[in-house]
Amino acid sequence: MTLHNNLSTERLIYHQQDSIRATLQDFGIQIDSQELLAIEDDSVDSTYSFCSWKSAPDNRSRIPYRNILWVQPVIDETGQVQEDDLEITYVKPKGKLSLEPVTLRISIQNYRALYNNLQELSNSILAKSYKNHIVKPSVLVIINPHGGQGKALKIYNTEIKPILKAARAKITIQETSYHKHGIDIGRELDISKYDVIACCSGDGIPHEIINGFYERPDKGVSAFNKIAITQLPCGSGNALSLSTHGSNDASMATFHMLKAKRTKLDLMAVTQGVGPNEKIKLSFLTQCYGVIADADIGTEHLRWMGAIRFDVGVLHGILARRKFPCELYVDFLTNSKQELSAHFDTYHQNSNSTAARIEHHSQDDGELPLLNEERLQVKGPKLNHPPPESWTKISQNISDNVNILYVGKMPYISNDVQFFPAALPNDGSMDMILTDTKTSVMETASILMSLDKGLHVHNEKVHHAKISSYRLIPKIPRNEQHYISVDGESFPFEPLQVEVLPGVLTGLLQGGNFVDTCFSR
């Protein structure tokens, strides 16, 4: 799917008397043209169109199954089922990028040959509307009240809650009340109660929930198997939502969450310290060293400036020609841009083939493979032991002049920034981006200007590779104020080692894949 799904421009106005006549079709529900009057009108309340429908204009209105949130027989005041009438709730566009639920009363004209009663018909429509996900999921909504410059609770109430309620989701709300509260929530959670954890926040709360799971006695095995973790964008950084739901809009992301496919995602294990001081944390998004880490973490005091603080920080670091010397050891999976492209294409060919088989009912979607504790074990050497001989030590000519070292597992790191356009959900690899100060200021500026399209990875000055592990040893004096960022959080400025943990996290993806990037279009 593409970022920010294009919505149909068809606008129709209905005048409902008792119920609208409609028929079942392979794609969904088609409303008879005689029940609708197509006119020009600017009123949002009285117009509707349908998303996810690409077709020539028709004189009859179509409601695709995917757009349906709920359907049930109409019950009259005496408690009796109204013959032939259904109440159907679906999403319609609200503005250019947002959605809202709307309810119609319809009379299906052609169902009796296939269904014994309206409840059986309703169940069938719901099954087709939620092919990839659970009907009426139990959702734990975690709200960071300070997220989105303090607007997270308002975003939940106005954009998220109406769609969840329309879908009859079973909702439990919990607000975070202190620093790293999400870790405690994840560690102590009664996982039997929930299907989904929806983080109404930036990327910090998903990071905390994941690491709270990891602190459970079984390393989170049962929690990672049972519960899908997702994000409904309410913060300043919404990379998880952008990469999985294709939207920075909370209503659109909520709708996509309800329709998404449970999919296994790789995580990354980040190790720092040795002996009794060794600590292992899980990362779902990125690790960063150099100009970008300093621009992110080092400008927290300028958060009042909004997103521009990050741009100013990066620009200052590039113009100052700042170097971040280090020792860097890497276990490469690809050694050239050509190999990386082939890796990406092979993954998508296999993924699309599987999706096609499922779509044509030749393969049951079935259950996801179960995680076990062995899969969560870190296999790399301790930090006080040398890296394996199979790892490559990056040339000192490069490592002494690093200005950007960025490693990630998801394509988008912020709105319109595809830093890792070749990132894949569960290919057992991380994407590494590396640049150095031997690249001119103008060339570096050109690279950064192409981040919105993800085209920077094709630049010959950008080192881009698929890797399975790496070790970073900073060579900057501790008295200088610099940063290491993991999932946007500040980590100790000391050596770290990272390796992929394949298929640990249960996420919610559109069709089982990340959103489209320049690699997949």
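Last residue of the sequence shown: number 521 in full-length UniProt numbering, and the count goes up by one each step with no gaps.
For glycine and all other residues, C-beta sits at the position ideal for the given N, C-alpha and C.
Straight-line gap, residue i to residue j (C-alpha atoms, nearest Å)
i	j	result
Arg60	Ile227	Caution is warranted here: a pLDDT of 46 is assigned to Arg60, below 50, making its placement in the model unreliable, and the coordinate value is therefore given only provisionally. Between Arg60 and Ile227, the C-alpha separation is close to 40 Å.
Glu489	Gln80	56 Å
Thr176	Leu282	20 Å
Gln248	Ile171	Rather than Gln, the amino acid found at residue 248 in this sequence is Asn. Computed Cα separation, rounded: 22 Å.
Asp516	Pro421	8 Å
Glu159	Asn67	16 Å
Leu153	Glu327	44 Å
Asn277	Pro381	15 Å
Tyr470	Pro162	44 Å
Ala239	Leu97	17 Å
Ser122	Ile106	12 Å
Ala269	Ile191	23 Å
Asn144	Gly95	26 Å
Met442	Leu455	16 Å
Ile20	Thr78	22 Å
Ser429	Ser351	16 Å
Leu140	Arg62	33 Å
Integer-rounded CB distance, given that residue j should sit under 8 Å from residue i
i	j	result
Ile142	Ile205	6 Å
Val504	Asp266	7 Å
Ile484	Ala295	Ile484 to Ala295, Cβ: 13 Å. No contact.
Leu405	Leu319	Leu405 to Leu319, Cβ: 19 Å. No contact.
Gln287	Glu494	About 13 Å separates the two Cβ atoms, so there is no contact after all.
Tyr329	Lys409	With a Cβ gap of about 20 Å, Tyr329 and Lys409 do not count as contacting.
Tyr347	Leu448	About 27 Å; that fails the 8 Å criterion.
Thr437	Asn397	Actually they do not touch by this definition, with Cβ atoms about 11 Å apart.
DSSP beta-bridge partners of residue i
i	result
Pro93	Leu99
residue 538	Since the first and last residues shown for the chain are 1 and 521, residue 538 lies out of range.
Met430	Ile467
Tyr406	Cys288, Ile433
Glu87	Gln72, Arg105
Ile142	Gln174, Cys199
Gln231	Cys199
Val500	Met268
Arg262	Leu508
Thr244	Thr244 pairs with nothing; no bridge assigned.
Ser414	Val417
Backbone secondary structure at residue i - three-state DSSP
i	result
Gly511	coil
Ala250	helix
Ile191	helix
Leu472	strand
Gln184	Looking at the sequence provided, one finds Asp at residue 184 rather than Gln. Looking at Asp184 - three-state DSSP - the assignment turns out to be helix.
Thr506	strand
Thr517	coil
Arg66	helix
Gln377	coil
Val462	coil
Gly28	strand
Ile20	strand
Thr158	helix
Neighbour flag for residue i against chain D, beta carbons, 7 Å
i	result
Arg375	Reference to chain D is not applicable here, since this structure consists of a single protein chain.
*asked:* At 4 residues or longer, what runs of the alpha helix (DSSP H) sit wholly inside the region 274–351?
replied: 291–297, 308–319
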